[in-house]
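Beneath this line is the structure, given in structure tokens, with notes to follow.
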Amino acid sequence: MADSNKRREAFAAALNIRHLIRDARRAAAADRPRPARAWRDLVRSRVAVLAFLLAFWAAAIEARLVYLQVFAHEELVALAERQQNQTVEAPAKRGELVDRNGHVLAYSVDGDTIYAVPSDIEDPEQAAARICAELNDCGPEGREDLARRLARDSAFAYVKRRASPEEARRVAALGIDGIGFHKESRRYYPNRELAAQLIGYVGVDNVGLAGVEASYDKVIRGRPGRLIFQHDARRRALLSRIERPPTAGATVELTIDASLQHITERELRAAVEKHGAKAATAVIMDPQTGEILAMASAPTFNPNAFRHASKEALRNRIVQNIYEPASTFKVVTASAALTEQKVSLDEMIDCDPGYILIGRRRIDDEHRYGRLSFEDVIVKSSNVGAIKVGLRLGAETLGRYARRFGFGRVTSKDFLGEEPGIVWAPSKLTDSGLASMSMGYQVSVTPLQMATAVSSVANGGELLRPRLVRATVANGRRRETTRQVVRRTLTPEVAGQVTTVMEQVVERGTLAHFAQVDGYTIAGKTGTAQRVENGRYSGAHNPVVVGFVPSRNPRFTILVLVEAPTKGGYYGAVIAGPVFKRITEEALRAYGVPPDIDPSPPLLVARDNSSPEAEAVLASTTSDVPRVIAASVRKGVMPDLVGMSARDATRTLASLGLLVRLRGDGAVLQQSVEAAQAVERGALCTLSLGRMPPERERAEPVAETRMADASVGGDAAARGSRRLRASRSGGQVSPAGDNVRSAGSEGAPNAAPDRGSRDAEYRSLAQEGGGGDAGRDPR
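My numbering puts the first residue of the sequence shown at 7, with every later residue one more than the last.
Here it is as structure tokens:
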């Protein structure tokens, strides 16, 4: 116990000593002098740290502000506008569409658009029911849809766009808060179906969807305006303003003629109804400028209600349908062969025995023609002759000419959705394919491409770009489109030769009786193409006729295509020919085109050699123009003409002062006025021509006529013969002799000569007839 106490005391003493030492040290430290700057440095360092932190914080804020206000400014403004504003475009008033004479085809009228501010509408269901009751064509489904739109959390919603004035008046009378009105243009087509596929139509947003309305939409539409609707965070409307007023679009003047368009559509409708056809198309071009004067398809539609139209009616078949051109393509085959000098018009081609074998394939002619000149190969539309010439050309050359004429590529930017057609590469064409192409198969074209190609023949060999727009007018400034030459297809000489052949098609070939127009020369070609359906040839056909008139100074190129006729036949001349003729007559009349062939007046002849009228007018045998020769006739008695050539028979009738009509080709088989019958001057005699049996062939007639021809008209005949040869080569020859007058240039002896003078005989005497149906292939 005592030891324990001692140890405690010793520990306490040691502890006290330790405290004493510590206190002494503290006292000693307190007595030493402290440096004056130590606490200041501490404060300064702390302040510096604090300042650095504050500066860094401020710099970070500044950097963020710079980023938000400079770099992210546009993005944030756009975000704010999206949150606070609702932008609605106000479509501009579309420009008018007018025809070449200023007749309005399409224009825009102001209509009332009814809109709503859903946040201001207290009871969407009730408002929708009241509004729907005042709108036309608003049933239960429309009422439910309107109620859903009015219940949305938005600052703007359409109620009805382009409402009628009566609808707008009735809705305004309801006095519903949150319902407003603004003007919006509406497209209107005053002529309804006229040129519908060509003009096209617009959608609800005033944007062109088809036709010219679509292809020239940027020009016609103008610049839309902009309406701004502002609202707060609770989507309550604050105000609205017009940020940019709309700018009206330009007026577009089309090349079409509304009167010709109406005529064309009328004839197509009649043809479809008469022949039970699936459809029909036609196009009228100016071959000198490339302007489209009319472009029509049947069936058609009303663009004011285009949503109710069928797909077939909406389709512009002129540029969106392709077909095999059949015999109309022989114009290209002939052009290529004449240009490449593979054949001449006078060369005889053996078309016997009426068919040709290409490998194991047999291709037939409609008739067994025997030997034909190349001119008659085209005139009579011989497949055998065309194939033989096509084989001479070869696939490379014929394909090159097909592309040169514009096939295989689109013709113009004016036509949206235009098909380029099909022209096979030469490497893919076998002999059978080349044979098909030579007669218009194994190649597919649009009606517009074919009309454009034939126009290049009409204008002397220039392929023009088709034009549908003549000018645009904006802000008082008129900008006209110009004539564009794509390339040269033919020389003028070859174009003249092809024109001569196409004239003969109308005068005595497949188009005789079907497309002739009194007083006018017409160049044309027919085709009867088999229809391709589901990748195979069907039993239906596409009859087509294409040509230009007047052929010596062309004003119109016209193509008519009738699809799948079921009544009245299917040949091109029979079905499409009469339509072509009626459209041609109306076009010539509408434009006041003067005849290029003078009517055939009775030719006065002497009844008595002693009379002053001993000089008679007799038609030239080598051209359309008359020349004066001597003839002596004592009595007006009809001679026996059977067995004479057409030339000599016509000459003899002219010497009697008679009119003559020729039917067929060859020698005279029958005459409408019997021999030895008394005749009066100016009477008409119809001569039926054909091939004479050998036993009935007779010698050259009347030595007196030949003598008169040789003595008085020999020089003129020789000059006429030279002109005839020139026309065969497509050349231009001045009128021959003082007594020769150019057809259609009466009173103008210095008139320019026609290109490629017609290779025809006695046209001035045979105006009312011209060609018959003997041995005709009406394709």
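Backbone N, C-alpha and C define an ideal beta-carbon position, used for all residues, glycine too.
Since we're looking at a predicted model, the values are computed, not measured.
query: So R595 and E273 are supposed to be a Cβ contact under 8 Å. How far apart are they, rounded?; result: Actually they are not in contact, since the Cβ atoms of R595 and E273 sit about 14 Å apart, beyond 8 Å.
query: Pick from G466, V504, F335 and S221: whose alpha carbon is nearest that of G423?; result: S221
query: Where do the ends of the beta strand (DSSP E) carrying A480 lie?; result: V475 to A480
query: Per DSSP, which residues does N91 bridge with? Please list them.; result: Q236
query: Hey, which unbroken runs of the beta strand (DSSP E) at 3 residues or more fall wholly within the stretch 638 to 686?; result: 665 to 669 and 673 to 677
query: What first and last residue would you give for the beta strand (DSSP E) that runs through G214?; result: G214 to A216
query: Is the beta carbon of L665 sitting closer than 9 Å to the one on G642?; result: no
query: Note down, one range per segment and in chain order, each alpha helix (DSSP H) of at least 4 residues found wholly within the stretch 420 to 462.; result: 437 to 444
query: Taking the alpha-carbon positions, what's the D211 to H109 distance?; result: 25 Å
query: Contact defined as beta carbons within less than 8 Å: I believe F411 pairs with A332. What is the distance between those atoms, to the nearest angstrom?; result: About 16 Å; that fails the 8 Å criterion.
query: Which first and last residues belong to the alpha helix (DSSP H) in which V500 is found?; result: P498 to R514
query: When DSSP labels each residue in this structure, what does E80 get in the three-state scheme?; result: helix
query: Of the choices G228, A33 and T257, whose alpha-carbon is the least far from that of Y113?; result: T257
query: Between V225 and the rest of its own chain, which residues show a CB-CB distance below 8 Å, the 5 nearest in sequence each way excluded?; result: G101, G255, A256, V258, T478 and A480
query: With DSSP collapsed to three states, give me the class of Q859.; result: The first residue shown for the chain is 7 and the last is 785, placing residue 859 beyond what the model contains.
query: Between the Cα of A96 and the Cα atoms of V585, R669, D646 and I248, which residue gives the shortest distance?; result: I248
query: Got a sec: is the Cβ-Cβ distance from N142 to anything in chain B below 9 Å?; result: In the structure shown, chain B cannot be found, because there is only a single protein chain.
query: With DSSP run on the structure shown, which of helix, strand or coil describes R328?; result: A small correction: the amino acid at residue 328 is Ile; Arg does not occupy that position in the sequence shown. Residue state, collapsed to three classes: coil.
query: In three-state terms, what does DSSP make of S341?; result: helix
query: Spell out the partners DSSP gives T692 in its beta bridges.; result: R667
query: When DSSP builds the beta bridges, which residues end up paired with I298?; result: M291
query: Name the one or two DSSP bridge partners that L567 has.; result: T287 and V550
query: So what does DSSP say about F187, is it helix, strand or coil?; result: strand
query: Tell me the rounded alpha-carbon separation between N107 and A343.; result: 42 Å
query: On a Cα-Cα basis, can you pick out the residue from A518, I324 and S433 that is closest to L454?; result: I324
query: Rounded to whole angstroms, what is the Cα-Cα separation between G575 and D420?; result: 35 Å
query: Go ahead and label D118 buried or exposed: buried means 16 or more other beta carbons lie within 10 angstroms of its beta carbon, across all protein chains shown.; result: buried
query: Please name the residue, chosen from R537, F187 and P432, that lies closest to E569 on a Cα-to-Cα basis.; result: R537
query: Run the CB neighbour count on M644, radius 10 Å, all protein chains shown included, and call it buried at 16 or more, exposed below.; result: buried
query: Measuring straight from C-alpha to C-alpha, what distance separates L609 and R687?; result: Residue confidence for L609 is low, a pLDDT of 36 falling below 50, so the modelled location carries little weight; the figure read from the coordinates is stated next. Cα-Cα distance, rounded: 8 Å.
query: Can you grab the Cα-Cα spacing for the pair V338 / Y407, in whole Å?; result: 7 Å
query: By the DSSP assignment, the beta strand (DSSP E) with G117 in it spans what residues?; result: V110 to A122
query: Once DSSP output is grouped into helix, strand and coil, what is the label at V416?; result: coil
query: Can you list, in chain order, the residues of its chain with a C-beta nearer than 7 Å to that of I581? Leave out the 5 residues immediately preceding and following it.; result: H281, P549, V568, P571, G574 and G575
query: Below 9 Å between beta carbons: does that hold for M301 and S461?; result: no
query: I need the boundaries of the beta strand (DSSP E) containing S379, first residue and last residue.; result: R377 to S379
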